[in-house]
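Some notes on the structure that comes next.
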Amino acid sequence: MSEMSHPSRGRVSGMKGRRPRIALMGEFSAGKSTLSNLLLGARPLPEKVTATRLSPVWITKGSNDPVRVGLDGSEMPVLLHEIESVPIEETRYIRLQLDSKILDYCDLIDFPGISDPNMDSIVWERVLEEVDAVLWCTHATQAWRQSEAAVWETVSEEVRARSLLLVTRFDKLTTDRDRGRVLRRLEVETAGLFRKIYPLALLQALNAGDDQAAWEGSGAAVFADNLMDLLREIAAEGQAPAEPRPSALDAFSEAAETEAAHSRRPRRPEAPTGFEEPAAAAPTPPSAPTSPDGGAEVVRISPRRVRLRGASSRARPTG
């Protein structure tokens, strides 16, 4: 069986030779689905399917049909439109393969909401040990509830040190005073628990299209830039194989433009107006990885697309 058939092998043997595994976590209605759509450039599940009664969905690069991985590692095919019928008590996770550019750099594991009283926490706890880092979504108007803090205490210090706290629906806070107050409180209450805090207006980012001002104003530009830094850092820890050649990473947005090659990362955009960032500085990112032909690669996540600086960007969306 493959490594994905027995995910526990990954943590036992370390990260060597595989992509980083990034979990999307948070309470119900905290914005995880919108974040997933933004990162992947498409809805991973049919529109009528909700994540309220699903086992963790492990999303990886590929085109094979979805499968249910049982508690014993056995695999059974599942129909995507019937995915809600999968018995969660007998399922470790659902493996879903997609053709998305972010999946060239990591696997995403979409966890069910941690606050569902009708779901035993063991459903997602048994997959948590396979995670390298977490993108934790917390709703800006009720950020970092006690129930979230209690769950976060169960996560290993190693994973917490790599994880990002995303303050979603930040646009619901309508004044600079309220925004600053929420972020200052989070700085204090989560001190030492996350790598960095990012305020985000996910729907604005998702709908930004080619409007760069809207994209940056949503907070997504700064977050996406630092997410790629994080993925490079985790991959370097595991001595993962070299990233794909530029020709394999052409952007798939029809409106994407060809951009000039750069030997180093561009200057990071300033924080969006009204999005007062925490005072703590982010850890110094590692040097950008080089492609197999020796050129420096700089990947940029943009609305519904991932761009590679220096690559031609004319391929059409895949779906």
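Taking our numbering, the leading residue of the sequence shown gets 276, the next gets one more, and so forth. Where a beta carbon is used, it is the ideal one built from N, C-alpha and C, also for glycine.
Item, Value
"Got a sec, what are the start and stop residues for the alpha helix (DSSP H) Asp407 sits in?", "Careful: Asp407 lies outside any alpha helix (DSSP H) and carries neither H nor E."
"Using only the alpha-carbon positions, how far apart do Leu477 and Cys381 sit?", "20 Å"
"When burial is assigned at 16 or more other CB atoms within 10 Å of the CB, is Gly484 buried or exposed?", "exposed"
"Could you check which residue in Pro295, Arg294, Glu302 has the C-alpha nearest to that of Thr413?", "Glu302"
"Check the C-beta distance from Leu441 over to Trp411 and give it rounded, since I have them as a contact under 8 Å.", "7 Å"
"From Gly292 to Ala499, what distance separates their C-alpha atoms?", "24 Å"
"What first and last residue would you give for the alpha helix (DSSP H) that runs through Lys307?", "307-315"
"So, do the segment 425-436 and the segment 329-347 have three or more beta carbon pairs nearer to each other than 8 Å?", "no"
"Taking C-beta to C-beta, are Ala495 and Lys447 nearer than 7 Å?", "no"
"Leaving out five residues before and five after Ala418 in sequence, what residues of the same chain have Cβ atoms less than 8 Å from its Cβ?", "Val442, Val457, Arg460, Leu461"
"Would you call Asp486 buried or exposed, if buried means 16 or more other Cβ atoms sit within 10 Å of its Cβ?", "exposed"
"Leaving out the 5 sequence neighbours to the left and right, which residues in its chain are closer than 6 Å to Ser493 when beta-carbon positions are compared?", "Ala476, Gln479, Ala480"
"Quick check on Leu505: does DSSP put it in helix, strand or coil?", "helix"
"Run through DSSP, which three-state label would Val434 get?", "helix"
"My output table needs one value for Arg456: the three-state DSSP class, helix, strand or coil.", "helix"
"So who's on the other strand from Val442, going by DSSP bridges?", "Thr413, Pro474"
"CA-CA distance, Ser311 and Ala305?", "12 Å"
"Once you ignore the five residues that flank Glu365 on each side, which residues in its own chain have a CB closer than 7 Å to its CB?", "Gly345, Leu346"
"Taking only three categories from DSSP, how would you classify Trp419?", "coil"
"Do Val398 and Ile369 have their C-beta atoms closer together than 7 Å?", "no"
"Going by DSSP, what residue range makes up the beta strand (DSSP E) through Ser350?", "The residue asked about is misnamed: residue 350 is Glu in this sequence, not Ser. Counting along the chain, the beta strand (DSSP E) containing Glu350 begins and ends at 350-352."
"Apart from the five residues just before and just after Ala424, which ones in its own chain have a Cβ nearer than 6 Å to its Cβ?", "none"
"So, is Glu405 buried or exposed, given that buried needs 16 or more other C-beta atoms within 10 angstroms?", "buried"
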